[in-house]
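First residue of the sequence shown? That's 802 in the working numbering, and the numbers climb one at a time after it.
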Amino acid sequence: MSPLSERTIATVGSGVMAESMIAGLLGGRLVEAGQIVASHPRRERREQLESEYGIRVTASNVQAVEGADVVLLAIKPQMLARVGREIGPHLRHGQLVISIIAGATTTALTGTLGHPQVVRSMPNTPAQIGKGMTVWYATPETTADQRAQASAILRALGHEIEVDDEKFVAMATAVSGTGPTYVFLVMEALIDAAVHLGFPRHVAHDLVVETLEGSAAFARSSGTHPAVLRNMVTSPGGTSAAALHELESGRLRTVLSEAVWAAFRRTVELGEQLESSLAADDAGH
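The following block contains the structure:
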């Protein structure tokens, strides 16, 4: 039996990522449409979600969370103080709150909501097509059942990994969360290089996208270290060896490593800023 049978799920802030989760849950038959309620301030958005998925919708965040077993918080970080204060008093023990808010630490979440059973998660954009990678951390107050529910819900977006230390979520934000950005930039650069060689842009696009996708699938199925795979296609004095020499001369590895560290530092910084702004906001109330 699914950990989500007979559970009601509320999405607060029903944007693109929440919609991906709704589509994944319904597509995977983990829940029925009647088990999901979505809150959104705009009427057109509510009507679109209702007509497309047959779920229940409401303009009221409070109304959405009151009857729910699991609450998905999918709002922008700057909305956390207002929405947190609004729904916090209506949360009860036993409800699970799953946050996909970038940079929002469990300290910020539990402090604002006044609710201890919280999961902090970091999905990435391929989650929109069910190919995401989500890393998540559950507070010690969550039960084994709630963690099973979180795992099932986040699996609707693709792959998920639970970590036992929250710092790994911040680290994952810099690797898998921001990861598509690095891949898209490499993709763009290779497409532009192919156009520079003389390919029409649509052909260049297909050559690069299929090569990246095929290489990733090959790496996954072989289970071999990337260095071994790279050595397999690098013959002495060949084209790969010439290309690799240029990439190493341009410090590609170092630049990628520095990019990941910059993203990690920014994640930590955003978390600290959010915590201090929430503390200041609470002091003002």
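Don't be surprised by glycine CBs; every beta carbon is placed ideally from N, CA and C.
Cβ of residue i versus every heavy atom of the ligand NAP: is any distance shorter than 8 Å?
{"i": "leucine 1057", "result": "For the ligand NAP, the structure offers nothing, since it holds no ligand at all."}
Grab me the residues of residue i's own chain with a C-beta within less than 7 Å of its C-beta, minus the 5 sequence neighbours each way, in chain order.
{"i": "glycine 978", "result": "Met923, Asn925"}
{"i": "glycine 885", "result": "Thr913, Leu914"}
{"i": "serine 861", "result": "Ser840"}
{"i": "proline 927", "result": "Gly933, Gly959, Pro981"}
{"i": "glycine 889", "result": "Thr913, Leu914, Gly915, His916"}
{"i": "serine 791", "result": "This structure does not reach residue 791, given that the chain is present from 802 up to 1086, and the question cannot be answered."}
{"i": "glycine 825", "result": "Gly931, Ala957, Leu958"}
Name the two residues that bound the continuous beta strand (DSSP E) containing residue i.
{"i": "isoleucine 810", "result": "810 to 813"}
{"i": "arginine 857", "result": "857 to 859"}
{"i": "isoleucine 837", "result": "837 to 840"}
Step through the CB atoms of chain D and report whether any lies within less than 9 Å of the CB of residue i.
{"i": "alanine 957", "result": "Checking the listed chains, one finds no chain D in this structure; it contains a single protein chain."}
Let me check understanding here. Comparing Cα to Cα, which of the options lies closest to residue i?
{"i": "glycine 931", "options": "Leu827, Asp1007, Ser840, Leu874", "result": "Leu827"}
{"i": "leucine 1008", "options": "Gly1024, Thr1025, Ala990", "result": "Ala990"}
{"i": "glutamine 836", "options": "Gly855, Ser1058, Glu848", "result": "Gly855"}
{"i": "glutamate 887", "options": "Ala1028, His894, Glu867, Gly904", "result": "Glu867"}
{"i": "histidine 841", "options": "Thr908, Ile876, Arg830", "result": "Ile876"}
{"i": "arginine 830", "options": "Met802, Ala939, Pro917, Ala971", "result": "Met802"}
{"i": "methionine 972", "options": "Val936, Leu998, Arg956, His1003", "result": "Val936"}
{"i": "alanine 1081", "options": "His960, Ala824, Arg883", "result": "Arg883"}
{"i": "proline 981", "options": "Gln879, Ala865, Leu1057", "result": "Leu1057"}
{"i": "leucine 1053", "options": "Tyr983, Ser1023, Gly1085, Gly1038", "result": "Tyr983"}
{"i": "glycine 1072", "options": "Ile902, Glu963, Ala949", "result": "Ile902"}
{"i": "glutamate 851", "options": "Leu873, Ala869, Ile823, Val863", "result": "Ile823"}
{"i": "alanine 949", "options": "Asp870, Asp1083, Glu848", "result": "Asp870"}
{"i": "glutamate 845", "options": "Leu1045, Thr859, Val838", "result": "Thr859"}
{"i": "proline 1104", "options": "Gln864, Thr1068, Ala1084", "result": "Because the chain spans 802 through 1086 in this model, residue 1104 falls outside it and cannot be assessed."}
{"i": "leucine 892", "options": "Val919, Ser952, Pro804", "result": "Val919"}
{"i": "glycine 814", "options": "Met880, Leu805, Pro804", "result": "Met880"}
Please list, in chain order, all residues of the same chain as residue i whose beta carbon is under 8 Å from its beta carbon, the five residues on each side excluded.
{"i": "methionine 988", "result": "Val1009, Val1010, Leu1013"}
{"i": "valine 817", "result": "Gln929"}
{"i": "phenylalanine 1019", "result": "Leu1030"}
{"i": "valine 970", "result": "Arg921, Ser922, Met923, Val936, Trp937, Tyr938, Val964"}
So if DSSP puts residue i in a beta bridge, which residue, or which two residues, is it bridged to?
{"i": "valine 898", "result": "Val872, Val919"}
The alpha helix (DSSP H) spanning residue i covers which residue range?
{"i": "valine 863", "result": "862 to 867"}
{"i": "leucine 1075", "result": "1053 to 1084"}
{"i": "glutamine 849", "result": "844 to 854"}
{"i": "arginine 886", "result": "881 to 888"}
{"i": "alanine 903", "result": "From DSSP, alanine 903 is part of no alpha helix (DSSP H); its letter is neither H nor E."}
{"i": "alanine 1044", "result": "1040 to 1050"}
{"i": "valine 817", "result": "817 to 828"}
Starting from the C-beta of residue i, find all residues in its chain whose C-beta is less than 6 Å away, skip the five residues before and the five after it, and write them out in chain order.
{"i": "isoleucine 992", "result": "Ala1005, His1006, Val1009"}
{"i": "alanine 1042", "result": "Thr1035"}
{"i": "leucine 1079", "result": "Ala882, Ala909, Thr913"}
{"i": "alanine 1064", "result": "Ala975, Thr979"}
Inset, instruction - Would you mind listing the beta strand (DSSP E) stretches within the region 907 to 965 that are 3+ residues and don't spill past its ends, in chain order? - result: Counting only runs of 3+ residues, the beta strand (DSSP E) found wholly inside the region 907 to 965 occupies 919 to 923, 933 to 939, 959 to 963, in chain order.
Inset, instruction - Identify every run of the beta strand (DSSP E) within the region 959 to 1037, keeping only runs that are complete inside it and at least 3 residues long; order them along the chain. - result: For the beta strand (DSSP E) assignment, the uninterrupted runs of no fewer than 3 residues enclosed by the region 959 to 1037 are, from N- to C-terminal side, 959 to 963.
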